[in-house]
Amino acid sequence: MKKSVLVVALALASASAFAGDTAVLKVKASLSSNSCTPELSNNGIVDFGAVQVGDLSQTESTQLGEKGLTLTITCPTPTKVGWSIADNRTDSNASTGSNSNLKVMNATDNGAALRGSASTFGLGKTHDGKNIGAYSIYASTGEVTANGGNVEPIRTALAAGNGVTRWAESHGRHAGE
């Protein structure tokens, strides 16, 4: 809206500039970035404590349970935000390839199990190069807020099938609009 008014104002101002031989037009602007700061609770560390090898099943996947972190995105002005998650250990995901039977149980906010590299992430490798396991991450749809109010998802990562979750306020506009 402001850009349209500025263009109209410049167009009106330029009409009177044809009256003289010359006219000087100076435009000055200051642009600033609305950079937001993301922060994970507990410095982004999910700690399951010491897991003893003897506690791990040799025939089935061992489910360690569910832990939560809070992602807080702070912006200096109203800004549309989104986030994505990348696996920096894709080659160690134990729920892909020949181990595709491995599931991460209760891996979504509705309790569904997940498997495969599109939905789970690698945990690293043992000293002899074997994949340790897999984990998943989800945003609890009932706990996402923006500007102090609840935010509803436009669609979920599972429905989208591409690992992206988008959020909107209940009136259908993106948070901050």
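Throughout the sequence shown, residue numbering follows full-length UniProt numbering, covering 1 to 177 in sequence.
Backbone N, C-alpha and C fix where the C-beta goes; we use that ideal spot for every residue, glycine too.
- Rounded to the nearest angstrom, the gap between the Cα atoms of Thr59 and Asn101 is 11 Å.
- Contact between the stretch 103 to 122 and the stretch 67 to 74 is not established, with fewer than three Cβ pairs separated by less than 8 Å.
- The straight-line gap separating the alpha-carbon atoms of Asp128 and Pro76 is approximately 48 Å.
- A straight-line Cα-Cα distance of about 21 Å links Thr126 and Ala86.
- DSSP places Pro38 in the uninterrupted beta strand (DSSP E) bounded by Thr37 to Leu40.
- Assignment of beta-bridge partners to Leu56 by DSSP yields no partner.
- Going by DSSP, Leu71 is part of the beta strand (DSSP E) stretching over Leu71 to Thr74.
- Excluding the 5 residues flanking it on each side, Ala134 has same chain C-beta neighbours closer than 7 Å at Asn93, Ala94, Ser95, Leu102, Val104, Thr120, Phe121, Gly122 and Leu123, in chain order.
- Residue pairing for Val104: DSSP places it in a beta bridge opposite Leu114.
- Non-local C-beta neighbours of Leu56 in its own chain, meaning closer than 8 Å and more than five positions away in sequence, comprise Thr62, ordered along the chain.
- In the three-state DSSP reduction, Asn34 falls in the coil class, being neither helix nor strand.
- By the neighbour-count definition (other C-beta atoms within 10 Å, threshold 16), Ser136 is a buried residue.
- Spatial neighbours of Tyr138 in its own chain (CB-CB distance under 8 Å, excluding positions within 5 residues in sequence) are listed in chain order as Ala107, Thr108, Asp109 and Ala157.
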